[in-house]
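This report refers to the structure that appears directly beneath it.
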Amino acid sequence: MFTGRKSSIRGKRVKKVLAVIGVFCIFLIQPAVRASELTYLFMPAVRQDKPQSMLVMMHGYGANEQDFNDFPVIVPGNMIVVSLRAPLPVAGDSYQWYRGSDKQKNVAADQQSSSDAVVSTVKTLQQQYHVAASHTYLGGFSQGAVMTYKVALMYPQLFHGVAVFSGHLPANFSVNSIPRHQVSQLHFFIGHGDADQRIPLALARQAVDQLSGVTPDITFKTYPGMGHTMSLDEIKDFRQWLFSQEVQ
Numbered sequence: 025m026f027t028g029r030k031s032s033i034r035g036k037r038v039k040k041v042l043a044v045i046g047v048f049c050i051f052l053i054q055p056a057v058r059a060s061e062l063t064y065l066f067m068p069a070v071r072q073d074k075p076q077s078m079l080v081m082m083h084g085y086g087a088n089e090q091d092f093n094d095f096p097v098i099v100p101g102n103m104i105v106v107s108l109r110a111p112l113p114v115a116g117d118s119y120q121w122y123r124g125s126d127k128q129k130n131v132a133a134d135q136q137s138s139s140d141a142v143v144s145t146v147k148t149l150q151q152q153y154h155v156a157a158s159h160t161y162l163g164g165f166s167q168g169a170v171m172t173y174k175v176a177l178m179y180p181q182l183f184h185g186v187a188v189f190s191g192h193l194p195a196n197f198s199v200n201s202i203p204r205h206q207v208s209q210l211h212f213f214i215g216h217g218d219a220d221q222r223i224p225l226a227l228a229r230q231a232v233d234q235l236s237g238v239t240p241d242i243t244f245k246t247y248p249g250m251g252h253t254m255s256l257d258e259i260k261d262f263r264q265w266l267f268s269q270e271v272q
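In structure tokens form, the structure reads like this:
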């Protein structure tokens, strides 16, 4: 399933999120750096007085690590936000996690290579910033959401929570190919618009149906009139879910 041309969601969320949620914070965004095989944007936690948690995000096709540079204002104060840059260039400052559609031959190889890079980077970050897997979250939008499913379901021991925005399971996915016991411990937030013409809502429902047989903890939200993007309502729901996970 082709996940769209340029799936950038940057820019318009910041003022709306600040105004509606009422979160005020000062944070330092460090420039993009490289660890293992991936470049990323590191956004430190506002608070340092309690154990750190970490949210790792993956952008959509044709975007880059700047897509989630406003996320520190919506996460718990002790949470690090890391936005990864996909390894494959599209043009200019645009990148992709894999080339072509899900059914093309090179996709599986690209997805595996990108997955390996994500896993290596996450492990490095966890070690460097002393963040336990029980406080690590992985999320993504569009093509990044497909990668989120792939990485989290193959390496569930690295994460506590998984956030999928406008995504679908990788092609030829089978619940029989994943470590079911470990996956059953994951907590999912899945959001999708009912007007999404790039990745139909039906594909999100299919993912929920398949995963429901493996893990009982799935929060699935649909948004009337929302296309292939992220809405303020979705961000607010995600924020509420994230805070609920961190107080457990």
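Here the sequence shown stands for residues 25 to 272, where the numbers follow this note's numbering. We treat Cβ as the ideally placed atom computed from N, Cα and C, and that holds for glycine.
Proximity below 8 Å, CB of residue i to CB of residue j
i, j, result
"L65", "E89", "yes"
"R79", "Y161", "The displayed chain sequence assigns Leu, not Arg, to residue 79. In contact: L79 and Y161 (Cβ atoms closer than 8 Å)."
"Y85", "Q151", "no"
"L177", "V207", "yes"
"K184", "Q269", "The sequence shown places His at residue 184, not Lys. Yes, Cβ-Cβ distance for H184 and Q269 is below 8 Å."
"T172", "M82", "yes"
"I223", "H252", "yes"
"Y119", "D134", "no"
"H192", "V170", "yes"
"K245", "D261", "yes"
"F165", "S137", "no"
Proximity to residue i [Cα-Cα], best of the options
i, options, result
"D73", "F95, A87, I98 and N102", "N102"
"P12", "A69, L177 and H211", "Residue 12 is absent from the structure shown; the chain starts at 25 and stops at 272."
"A157", "S77, M67, V170 and I223", "S77"
"V70", "A87, D91 and V105", "V105"
"T148", "N200, V188 and L182", "L182"
"A87", "P68, A110 and M67", "A110"
"G249", "L225, S107, T243 and F262", "L225"
"L62", "P75, L108 and D91", "L108"
"D117", "D91, G164, G237 and G124", "D91"
"T17", "H205, L266 and R204", "No answer is possible for residue 17: it lies beyond the span of the chain, which begins at 25 and ends at 272."
"P75", "G124, G163, A115 and V155", "V155"
"Q209", "V238, L227 and N196", "V238"
Status (buried if at least 16 other CB within 10 Å, exposed otherwise) for residue i
i, result
"D218", "exposed"
"A187", "buried"
"P194", "buried"
"S201", "exposed"
"S236", "exposed"
"H205", "exposed"
"S198", "exposed"
"A115", "exposed"
"G23", "Since the first residue of the chain shown is 25 and the last is 272, residue 23 is not available in this structure."
query: In chain order, which continuous runs of the alpha helix (DSSP H) of length 4 or greater are located wholly inside the region 185-260?
result: Whole alpha helix (DSSP H) segments, 4+ residues: 204-207 and 225-236.
Those runs of the alpha helix (DSSP H) which lie wholly inside the region 122-168 and span at least 4 residues: Counting whole runs of 4 or more residues, the region 122-168 contains the alpha helix (DSSP H) stretches 129-153.
task: Evaluate contact between the region 89-98 and the region 140-156, counting only Cβ atoms and requiring at least three cross-stretch pairs below 8 Å.
output: Judged by pairs of C-beta atoms under 8 Å, the region 89-98 does not touch the region 140-156, as fewer than three such pairs exist.
- prompt: For the region 247-261 against the region 228-236, are there 3 or more C-beta pairs whose distance is under 8 Å?
  reply: They do not touch, by the three-pair rule.
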